[in-house]
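Q: In terms of our numbering, the sequence shown has 14 at position 11, counting the first letter as 1, and numbering is strictly consecutive.
For every residue, glycine included, the Cβ atom is placed at its ideal position computed from N, Cα and C.
In this text, all values refer to a predicted model and were calculated from it rather than measured experimentally.
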Amino acid sequence: MEILYGRHAVHESLRAGRRQPSRLLLATGVRQTDVIEQIVLAARQAGVTVSRVARSDLDQLGDVNHQGVALETSEYPYVTPDAILARARSQSEAPWLLLLDLLKDPQNVGTLLRTADAVGVHGVIIQRRRA
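(1) Does Gly71 come out as helix, strand or coil in the three-state DSSP assignment?
(2) If you draw a straight line from the alpha carbon of Pro113 to that of His11, how long is it in whole angstroms?
(3) What does Pro24 pair with, by DSSP beta-bridge criteria?
(4) Measure from the alpha carbon of Gln35 to the alpha carbon of each residue in Gly71, Ala119, Ser93 and Pro80, then state which is nearest.
(5) Just to confirm my understanding: we take Arg18, look at its own chain, exclude 5 residues before and 5 after, and list those with CB closer than 8 Å. What are they?
(6) Taking 8 Å as the cut-off, decide whether the C-beta atoms of Leu2 and Val53 are in contact.
(7) Kindly list the residues whose CB is nearer than 8 Å to the CB of Ser16, restricted to its own chain and excluding five residues on each side of it in sequence; keep chain order.
(8) If we ignore side chains and look at the alpha-carbon of each, how far apart do Arg58 and Asn111 end up?
(9) Looking at the unbroken beta strand (DSSP E) that takes in Leu101, where does it start and where does it end?
(10) Is it buried or exposed for Val51, if we count other Cβ within 10 angstroms and need 16 for buried?
(11) Comparing alpha-carbon positions, which option in Ile87, Gly20, Tyr79 and Pro80 lies nearest Arg124?
Here is the structure:
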């Protein structure tokens, strides 16, 4: 079980549908923005329990910017390098991979992944830790 935090991370995880979320945690008094409404709607459509919790409960996640939102969910379903290569072969293409290692700025990961998707990269290789 993992906990994702922050409005964009939680929203994208629910939208992508790759994980199995179990509970959405919303801080009591969190401002009802369009994004929060979309998160709650996506959670309910996925059958996820929505719980109101004290902001101090979310603060206990550590030194993170939770923005009043967290999601209890399954771990990300990583695939093996062999599965990535098989995907390329199934498309009769030479494998095109992106290898990410020791990134200094986590915001760069999103940019790199969106670019990789846009240009047709077959898969991304990333360490489970210290990527």
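A: On the basis of the coordinates in this document:
(1) coil
(2) The displayed chain sequence assigns Gly, not Pro, to residue 113. When rounded, the distance between both Cα atoms is 11 Å.
(3) Thr76
(4) Gly71
(5) Ala45
(6) In the structure as shown, the chain starts at 4 and stops at 134, and residue 2 therefore has no counterpart that could be examined.
(7) Leu7, Arg22, Pro24, Leu74 and Thr76
(8) 28 Å
(9) Leu100 to Leu103
(10) buried
(11) Note on residue identity: the sequence assigns Val, not Arg, to residue 124. Comparing Cα-Cα distances from Val124 to each of Ile87, Gly20, Tyr79 and Pro80, the minimum goes to Ile87.
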